[in-house]
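Convert by adding 17 to the 1-based position in the sequence shown; the result is the number in the numbering used here. Beta carbons: idealized from backbone N, C-alpha and C, even for Gly.
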Amino acid sequence: MDAILEQNPYLDGEPFAPVTEEATLGETALRIEGTLPRDFGGLYVRNGPNAQFRPEGRYHWFDGDGMLHAIRFADGHATYRNRWVTTSAFAEERAAGRPIWRGIRESANRERREQPFKDTSNTDVKFHNGSLITTWYLCGVPYRVDPLTLATLGPDDFGGKLKTRVSAHIKVDETNWDLMFFDYGIRKPYMTYGVVGADGVLKHHVPIDLPGPRLPHDMSITENYSILMDLPVFQDMDAARAGRWKTDWHADMPARFGILPRYGDTKDVRWFEAESCYIYHSTNAWEEGTGDDKTIVMEAFKFERPFADYPDGATEFDRMLHNHRINAHLQRYRFHLKSGKTTEEPVTRDIGEFGMINTRMNGRKTRYVYGNGFDYDEMPVRFKSLMRWDTEARTTESFEFAPAFNASEPQFCARDGATAEDDGYVVTFLHNSDTRQGECWLFDARAIAAGPLAKVHIPQRLPAGFHGIWVPQEYLK
Ligand SMILES: [Fe+2]
């Protein structure tokens, strides 16, 4: 075996190595430290890569098959489950008993034109129309998953009407359950945008004009508008034609944000320019002002320098590790609809990413963002702290985890009967590399720095992962 493969921290060792078991653990197996509050209930679920088989060829962290980890909280009790998302590719490889696809550091599978890279559905998970939906960052088939059993229900074609794929970051408006999504690719149209109704049926889908293939990762919504991204980091098309994955940052090109009414058409998109950068994730957006003063405000984590400086002699493997370092900060963009002008400013200079809000307020003005802090110099990347950013007061509260811990994107869970935006709890999964076990910590959302109120100890590994969601009890009924 290749020596590089044997040293790949995303395959071997802590906190990334995949787990091989699917478990259902009740209170006799879980150890709960502290007391779980009785005034909240629901499901915390997080997606992430978890290779079913030892990959052939060079492995990238983003290649692993999707696996969901979840804790159901109810009446002061907790139940943990982890399950793979059984995509069509997962099922095919399982039946074959071996990997069929290689990862993005290797060549595309030319025999699978419909799926040259394996659609793992490993990136995000959202709740809509009674079930979870898992998605993939390179645009894939959305999969429906039962929120209580975590059993994969199957691919979702949005009522038989979806003719494209769907990117990882869909946005759900919890006031009317519209689901907004986009899709991107290397063939025209390079982007599409759609809206799915509360009944799960696609009701609006339009092409978006872009000057060429792009690699947007997220979008944002307000009550009446959607915001799409054309960022100056995209694939090298010569490499793509040769079946290789290579991306470049074009520092001389601006970032562009396309704003259209939620049910707008291709011609309704208005593009706003901003400083060159890359953005993985937006935390929220909303509308301010009326008439000629109407402004769309968007908050997102801005990478001012999307690629790291590599040390002399850096191998392709070193470059991957360097590229996963996080040096972003939360930035506020203001897009003035009448003048077409953009202004932007940092909300904070803290290094952070994976920010979440009280999702009931998605598209409405929010004040608080909960996210992760990172040390840019630490490799491989580690989710090292829990952050709470007050975007009005411009203050930060944080809790630093011990070096053995790798946390996850936190979720805000409203307290029963809560009326204030931040009245509730914050949950996060962690992996403890010393004990080689998973944990789930619960914080008071208004007292992050005070440390956790309760910890659920999970007697198996819980590898580092990507995105999650909190589904309140009332949505599960
Ligand atoms: Fe993401």
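By the criterion of at least three beta-carbon pairs nearer than 8 angstroms, the region 331-338 is not in contact with the region 220-232. Bounds of the alpha helix (DSSP H) holding residue 258 are 254-258.
The DSSP-derived three-state label of residue 333 is helix.
In this structure, the straight-line span from the alpha carbon of residue 218 to that of residue 138 is close to 20 angstroms.
When distances are taken from the beta-carbon of residue 185 to the heavy atoms of ligand 1, the shortest one is below 7 angstroms. Taking non-hydrogen atoms of ligand 1 into account, the C-beta of residue 140 is found less than 7 angstroms away from one of them.
By a beta-carbon distance limit of 8 angstroms, residue 438 does not contact residue 379. Their separation comes to about 12 angstroms. When the beta-carbon positions are compared, residue 276 and residue 261 stay at least 8 angstroms from each other. By the Cβ neighbour-count rule, residue 280 is exposed, with fewer than 16 other Cβ atoms within 10 Å of its own.
Residue 152 is classed as buried because its beta carbon has at least 16 other beta carbons within 10 Å across all chains shown. When beta bridges are read from the DSSP output, residue 243 appears opposite 238, 277. Inter-residue distance for residue 182 and residue 467 is about 43 angstroms (C-alpha atoms, whole angstroms). Boundaries for residue 160: no alpha helix (DSSP H) harbours it, while the beta strand (DSSP E) harbouring it runs 160-162, taken from the DSSP string. Using a 10 angstroms sphere on the CB of residue 426, the tally of other CB atoms reaches 16 or more, which defines it as buried. Closest in alpha carbon position to residue 448, among 388, 477, 296, is 477. Shown here, residue 415 sits in a strand according to DSSP, grouped into three states. Exclusion of the five residues before and after residue 28 leaves 22, 34, 35, 68, 71, 72, 76 as the residues of its chain whose Cβ lies within less than 8 angstroms of its Cβ.
Taking 8 angstroms as the cut-off, the beta carbon of residue 243 is found no closer than this to the beta carbon of residue 301. The beta strand (DSSP E) runs lying completely inside the region 38-107 and spanning 3 residues or more are 48-51, 59-63, 84-91, 94-101, given in chain order. Cβ atoms of residue 431 and residue 377 come within 8 angstroms of each other, at about 7 angstroms. In the three-state reduction of the DSSP assignment, residue 377 falls in the helix class.
Within the chosen limit of 7 angstroms, ligand 1 does not reach the beta carbon of residue 201 with any heavy atom. Between residue 398 and residue 346, the C-beta spacing is not below 8 angstroms.
By the CB criterion at 8 angstroms, residue 246 and residue 289 fall outside the cutoff. In this structure, residue 413 places its C-beta atom within 8 angstroms of the C-beta atom of residue 367. DSSP places residue 490 in the uninterrupted alpha helix (DSSP H) bounded by 490-493.
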